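Data first, discussion second: the structure below is written as structure tokens.
Numbering (the working numbering), first residue to last: 7 to 264.
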């Protein structure tokens, strides 16, 4: 069994994986000021609460887009299991090729998600990750990561709206019954949820057109991320994988563990 860790800007996702099966996963808030000791107490507590022992964990794999926490979790993992994690890098075997201007600057989570999706579908793909930022990435039928689109995430958009508009107040991010809101709360919900979903739907259409112009088959659309469930009812013909990143980390581990 291994522990897979993905450090994102908003959340850290941890999972226990054995023989390609995700046995347990957790999502905790990304705290850049927390110490190794604080994270260790938290992780040990989560394992204990779910009846897992560190003696069952043989290895670890780590991806990070938060440089301040990469070393913290490296030390943490060494303390927990007695060895350093396998770290994701664009220079390692991902199972896909990278065709961008500067591969080193592509977020590790984007590469891992793309690799996991391609490993499953083996066709041209649009991979959407709804997190702090919303990313839409493209992989060709031949397994080449071609880059993509980065947009402000749903929560960032909401936070800016509420901080800049004096008479608008925080609302729950849930889909209203109708697009046309009859009160301010429902109007804001509609703008955020339907507007966000509409943006993604429009980008899917535009990206698909570009892909097909390059003599690629129509792409399958795969979506993941902590906020993906908010907009799923708006989108059509998409494949939802809430554990795509953990599966991508496990795939990377299998390809690079030696």
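By construction, the Cβ of each residue, glycine as well, lies at the ideal position given by its N, Cα and C atoms.
These numbers come from a predicted model, not from an experiment.
Over what stretch of residues does the alpha helix (DSSP H) that includes residue i continue unbroken?
i           : result
residue 3   : Beyond the ends of the chain as shown, which are 7 and 264, falls residue 3; an answer cannot be given.
residue 166 : 160-170
So the candidates are the options; which of them puts its Cα closest to the Cα of residue i?
i           : options           : result
residue 13  : 79, 57, 47        : 79
residue 65  : 99, 44, 82        : 82
residue 158 : 97, 29, 33, 205   : 205
residue 1   : 37, 91, 39        : Lying outside 7 to 264, the shown extent of the chain, residue 1 is not represented and no answer is given.
residue 76  : 45, 130, 63, 175  : 45
residue 47  : 111, 139, 208, 85 : 85
residue 89  : 99, 229, 60, 249  : 60
residue 270 : 37, 128, 125, 135 : Nothing in the structure corresponds to residue 270, since the chain is present only between 7 and 264.
Helix, strand or coil: which one does DSSP assign to residue i?
i           : result
residue 263 : coil
residue 239 : helix
residue 10  : strand
residue 72  : coil
residue 127 : helix
residue 137 : coil
residue 17  : strand
residue 111 : helix
residue 254 : helix
residue 79  : helix
residue 90  : coil
residue 118 : helix
residue 233 : coil
Apply the 10 Å Cβ neighbour rule to residue i and answer buried if 16 or more other Cβ atoms are within range, or exposed otherwise.
i           : result
residue 172 : exposed
residue 21  : buried
residue 220 : exposed
residue 23  : buried
residue 56  : exposed
residue 119 : buried
residue 35  : exposed
residue 258 : buried
For the beta strand (DSSP E) that residue i lies in, which residues bound it at each end?
i           : result
residue 45  : Looking at the DSSP string, residue 45 is not in any beta strand (DSSP E); the run it does join, the alpha helix (DSSP H), is 42-55.
residue 26  : From DSSP, residue 26 is part of no beta strand (DSSP E); its letter is neither H nor E.
residue 229 : 226-230
residue 184 : Looking at the DSSP string, residue 184 is not in any beta strand (DSSP E), and its letter there is neither H nor E.
residue 244 : 244-246
Assuming residue i contacts residue j under a Cβ cut-off of 8 angstroms, what Cβ separation, rounded to an integer in Å, is found between them?
i           : j           : result
residue 115 : residue 163 : With 8 angstroms as the limit, residue 115 and residue 163 do not qualify as a contact, their Cβ atoms being about 20 angstroms apart.
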